[in-house]
Structures are given as C-alpha cells and as structure tokens.
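Worksheet: one structure, shown below.
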Amino acid sequence: MNLEFDLIDPKESENQKIQIAEQKLNYFGNLADWCNQTGYSDLSNQFPSPEQLADNHSVFDNYLDTVLVVVNNYPWKYGPGIIQRLYQPYFAAVIFCGSWYPDQFKDQDNYTSIIYPFNYIHINPAEILRGYFGYHCLTLVQEMGLNNVRGYFFMADDAIFNFWNPINFAFVHHLTGDSYENSTNWWKTEYGLESAKNILRTIQNTNDPKILETWKQFENGLKVNGFLKSNETVINEMLSSRGRSVSDFFYIPFSAISYYSRLMRIFYEHKLFLEIAVNKFLKSVHHEISLPHQYRYLWTTDRGQWDQIYSKNLIAIHPVKMSGFWLPGDSRRKYCNSVLKTWLNMVFGGPQDFNETRIL
C-alpha cells in the first residue's frame, strides 16, 4: 500500500488554491495532448487563468475532504492515469483498489501515465473475484483510519462520475437504491442464498459482541425503514432470495462508514455478492437515490453507443471501458469528443447549476 493523504485546510492561502488550479489545468492539458494524437483538437480552446479557475472552483470545495475509491474487477492494465488527471486535484485522496501488477501495466505515453505517488490497495484476483466483492475495498479504506474525512465515494474504474452534479453529503447516496427489489439475479449462485445461510449460521454461533452489535443495528435498520413486518426478523430478509442493487457508484458519509465497514466485513467473509450485499445495507440506512434521468447503466446495444448517451446532466454512467483508449483511434476520439469536451465546458467553463436528488 502506498498512500499520501493530503487534506486541504479550508483556510489555505490564495497561493495554494492557485497552485491546485495550475495542477488542474496541467492535468487536463495532458489529456488534450492525448486527444491531439487522434487528430481531435477541440480541447485546445482558451482556458481560464489559474486565478480565475481557483475562484470558479470554490463550488467544488465540498469534495476537498472526501475520498474517491476507484475499484477494478480485473488487474489494472490501463486507465489509472486518466482517472488521476480527471479527479485527483478535486478530492482529498484518490485511492485505487484491486489487483495491481506493475509489470502488466501499459504506460503508453506521458500524457496518461501514472502520477506518483500512486495510492493503491492491492487485492489479489481471487479475493476480489471479477468484482464480486469490490465493496470490500471501501471497508479496507475505512480501516486505514484516515482523519477528517467527510465521506467516501465508491466508483468502478469503468464508471464516469460527473462531480459537478452534486449530492447531499450528509446521507448515503446510491444511483438506483432498491429499484430491483424483485430481482432474483445472483441469488441462485453460491454467492447468493448459500452465502446468506452461512452468514446466519455464523451469527447464531458467535459470541463476538461487535458482530452481534452490528447485526442488531442491521435488523433495527430494516425495521425502521419498513423492510420487516411486525412478525418478521432479519432472517426473513436474508433468506428472501430476492433483491439487488446495481452498485458501480455510491457514496457513504462519515456518519455511516463505520457501520458500513462492520456489516460489509461480515458479508465479505462469507462471500456475499456485491449487488446483494449493498442492497441489504441500503435497506438498513436512510439514503438518497438519483432521479432516473441522472444516471445510466448501459446494457446490450447501448454499450456501443456510450458516447451518444453520455450527458453533462448525469451523475454517473457505467460502463465506459478505458482499455479501448490505449492506442489512438476511433474509440479514444469518441471519448475526447463526448466526455472530455463536456468536462472542458463544465469544469473549466465556470460554475454550473446543481441538479436535484430524491430523498427517501
């Protein structure tokens, strides 16, 4: 693990703000040069001065004490350098989590090469299992004990987070919530109902006060939020064989991160699938969800049209595969013309209006 955690003092000097603004401009300039390799030059417009940008970006100050955790399903081969340039100057820290083998990584050019120090948590492929247990990354980051953190963003490496569309930092935020409550996907696998049964056996046989306290909090949360009838217990919820929450992007505030980590460690140790684990957690806490027009999950033919579907009004979209951008070509050009052109306008074109979220 290699981590330097820089938390920006809200009373920082004007010079520090300008230095950060210069870094933002330099990083985006790298990406503009990267796009130029495809013949796409529309990102070479007039940029604001560092002084102007520092003033405009006060609207993003809430992110300066949050952590962005970027999770990959398979060993990294390309992409972290792009993510660093898009997000790193705006957050207290960007931490990558997943399988990291430097000898397998492709640094094609200096425009998107990894920026050091590179903050990462290595999990071997068997532990993360194609992303089935990616939620454990947030637990590992919380257990590092970082100080003065307002909240934690979880983002898949092939998701795009448009952070100019804000959320309420006081509550858990999820794109879909429990919208797929009747879905039985994944429940018939060994990471669904069988895992849930094993969890219940452990709870019934343990004397560990921390586990029992966490489980009681879980059951109480389910009751308070109306997911258990008067004659039901947490056992009914765990054996329901239904419900999932597609979870490639979500946010956990400081007030909920300890409970999240304790509950998710129980789930992880029994190999409960990501979408089921997050679904159970969400039902036990007050949370907000995005409006339907504020996110897009791309399925089947939509995946080939991601550049047409991507919009400035989305909080997040998934998936957009960066592996296709490694070499100059049509895929990279589409990314430049859609995603990066939007970032140029929204992030470097001055403060923008905020969208709404729906409170549960």
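According to our numbering, the sequence shown is numbered sequentially starting from 9. Backbone N, C-alpha and C define an ideal beta-carbon position, used for all residues, glycine too.
Same chain only: Cβ atoms within 7 Å of G357, ignoring 5 sequence neighbours per side = Here residue 357 corresponds to residue number 349 of the sequence shown, with the count starting at 1. Same-chain partners within the cutoff: there are none.
Residue interval of the alpha helix (DSSP H) (run including A167) = Working through the sequence shown from its first residue, we reach residue 167 at position 159. Premise fails: A167 is in no alpha helix (DSSP H) and is neither H nor E.
task = Please report how far the alpha carbon of V242 lies from the alpha carbon of W223, in whole angstroms.
result = In the sequence shown, residue 242 corresponds to position 234, counting from 1. In the sequence shown, residue 223 corresponds to position 215, counting from 1. Those two C-alpha atoms are separated by around 9 Å.
key: I26: first and last residue of the uninterrupted beta strand (DSSP E) it sits in   = Against the sequence shown, residue 26 aligns to sequence position 18. Counting along the chain, I26 falls outside any beta strand (DSSP E), though it belongs to the alpha helix (DSSP H) covering 22-44.
inquiry  = Taking only three categories from DSSP, how would you classify E380?
reply    = Lying outside 9 to 368, the shown extent of the chain, residue 380 is not represented and no answer is given.
R311: first and last residue of the uninterrupted beta strand (DSSP E) it sits in = Your numbering for residue 311 matches position 303 in the sequence shown. No beta strand (DSSP E) contains R311, which DSSP labels as neither H nor E.
message = My output table needs one value for I367: the three-state DSSP class, helix, strand or coil.
response = Start at 1 with the first residue of the sequence shown, and residue 367 comes out as number 359. Note that I367 scores 38 on pLDDT, short of 50, meaning its location in the model is unreliable and no value can be drawn from it.
ask   = Rounded to a whole number of angstroms, what is the C-alpha to C-alpha distance between L306 and G312?
value = Position 298 of the sequence shown holds residue 306. Position 304 of the sequence shown holds residue 312. Taking the straight line joining both Cα atoms gives about 9 Å.
query = Is any beta-carbon of chain C found at less than 9 Å from that of D186?
reply = The structure shown contains no chain C, having only a single protein chain.
query = In whole angstroms, what separates the C-alpha of P88 from that of M330?
reply = Reading the sequence shown from its first residue, position 80 is the one you call residue 88. Reading the sequence shown from its first residue, position 322 is the one you call residue 330. Approximately 9 Å, taken between the alpha carbons.
request  = Can you have a look at K32 and say buried or exposed, based on whether 16 or more other CB atoms are within 10 angstroms of its CB?
outcome  = Counting from one through the sequence shown, the residue named residue 32 turns up at place 24. K32 comes out buried.
request  = Kindly list the residues whose CB is nearer than 6 Å to the CB of I123, restricted to its own chain and excluding five residues on each side of it in sequence; keep chain order.
outcome  = Here residue 123 refers to the residue found at position 115 of the sequence shown. For I123, where only same-chain residues beyond five positions count, the Cβ hits under 6 Å are Q92.
message = Spatial neighbours of H294 within its chain, please: C-beta separation below 8 Å, excluding the five flanking residues on both sides.
response = Counting from 1 along the sequence shown, the entry for residue 294 is found at position 286. Around H294: F179, V180, N233, L368.
key: Segment contact, 8 Å Cβ cut-off, at least three pairs: the region 164-184 with the region 66-74   = Yes, the region 164-184 is in contact with the region 66-74.
inquiry  = If you reduce the DSSP assignment to three classes, tell me which class M330 lands in.
reply    = Counting from one through the sequence shown, the residue named residue 330 turns up at place 322. Secondary structure at M330: helix, using DSSP grouped into helix, strand and coil.
task = Taking H326 as the reference, give the member of R270, F235, F257 with the closest Cα.
result = In the sequence shown, counting from the first residue as 1, residue 326 sits at position 318. Of the candidates R270, F235, F257, the one whose C-alpha sits nearest the C-alpha of H326 is F257.
inquiry  = Just to confirm before moving on: does the CB-CB distance between P56 and N64 stay below 9 Å?
reply    = What you label residue 56 is simply residue 48 of the sequence shown in a count that begins at 1. What you label residue 64 is simply residue 56 of the sequence shown in a count that begins at 1. For P56 and N64, yes; Cβs fall inside 9 Å.
inquiry  = What ranges does the beta strand (DSSP E) occupy inside the region 113-182, keeping only unbroken runs of at least 3 residues that lie completely in it?
reply    = DSSP runs (the beta strand (DSSP E)) wholly in the region 113-182: 128-130, 159-164, 180-182.
Cβ separation of A204 and M246, assumed to be a contact under 8 Å, to the nearest whole Å = Within the sequence shown, residue 204 is the residue found at index 196, counting from 1. Within the sequence shown, residue 246 is the residue found at index 238, counting from 1. Confirmed, Cβ separation roughly 5 Å.
message = Please classify L322 as buried or exposed, where buried requires at least 16 neighbouring CB atoms within 10 angstroms.
response = For the purposes of this step, residue 322 is taken as the residue at position 314 of the sequence shown. So L322 counts as buried.
key: C-alpha gap between N145 and C105, whole angstroms   = In the sequence shown, counting from the first residue as 1, residue 145 sits at position 137. In the sequence shown, counting from the first residue as 1, residue 105 sits at position 97. It is worth fixing the name first, because residue 145 is Cys in this sequence and not Asn. Distance between the alpha carbons of C145 and C105 is about 6 Å.
ask   = Under the three-state reduction of DSSP, which class applies to P261: helix, strand or coil?
value = The residue labelled residue 261 in the question sits at position 253 within the sequence shown. P261 falls in the strand class under three-state DSSP.
inquiry  = So for L76, helix, strand or coil by DSSP?
reply    = Within the sequence shown, residue 76 is the residue found at index 68, counting from 1. DSSP places L76 in strand when its eight states are reduced to three.
message = Assuming the contact rule is C-beta atoms closer than 8 Å, Y276 and F141 should be a hit. Round their C-beta distance to whole Å, please.
response = Working through the sequence shown from its first residue, we reach residue 276 at position 268. Working through the sequence shown from its first residue, we reach residue 141 at position 133. With a Cβ gap of about 6 Å, Y276 and F141 count as contacting.
ask   = Is the region 110-118 close to the region 146-154, with three or more CB pairs under 8 Å?
value = At 8 Å Cβ cutoff, the stretches do not touch.
ask   = Using the C-alpha atoms, what's the distance from A40 back to V78?
value = Taking the sequence shown and counting its residues from 1, the one referred to as residue 78 is at position 70. Taking the sequence shown and counting its residues from 1, the one referred to as residue 40 is at position 32. Cα to Cα, V78 sits roughly 23 Å from A40.
ask   = If L51 sits next to C344, beta carbons under 8 Å apart, how far is it from one beta carbon to the other, in whole angstroms?
value = Locating residue 51 in the sequence shown gives position 43, counting from the first residue. Locating residue 344 in the sequence shown gives position 336, counting from the first residue. Right, their Cβ atoms sit about 7 Å apart.
ask   = With a CB to CB cut of under 8 Å and the five nearest residues on each side skipped, what residues in its chain are close to N193?
value = Here residue 193 is taken as the residue at index 185 of the sequence shown, counted from 1. If we look at N193 and ignore the five residues flanking it on each side, its Cβ neighbours are R252, E283.
As assigned by DSSP and simplified to three states, the class of Y276 = For the purposes of this step, residue 276 is taken as residue 268 along the sequence shown, with counting starting at 1. Note: Y276 maps to helix in three-state DSSP.
Selection from T350, V355, P336 that minimises the alpha carbon distance to T46 = Translated into positions along the sequence shown, residue 46 becomes position 38. It is P336 whose Cα lies nearest to the Cα of T46.
request  = Return the first residue and the last residue of the alpha helix (DSSP H) that Y343 is part of.
outcome  = Your numbering for residue 343 matches position 335 in the sequence shown. Segment 338-343, the alpha helix (DSSP H) holding Y343.
ask   = What separation, rounded to the nearest whole angstrom, lies between the Cα atoms of Q27 and F126?
value = Against the sequence shown, residue 27 aligns to sequence position 19. Against the sequence shown, residue 126 aligns to sequence position 118. Straight-line Cα distance between these residues: approximately 20 Å.
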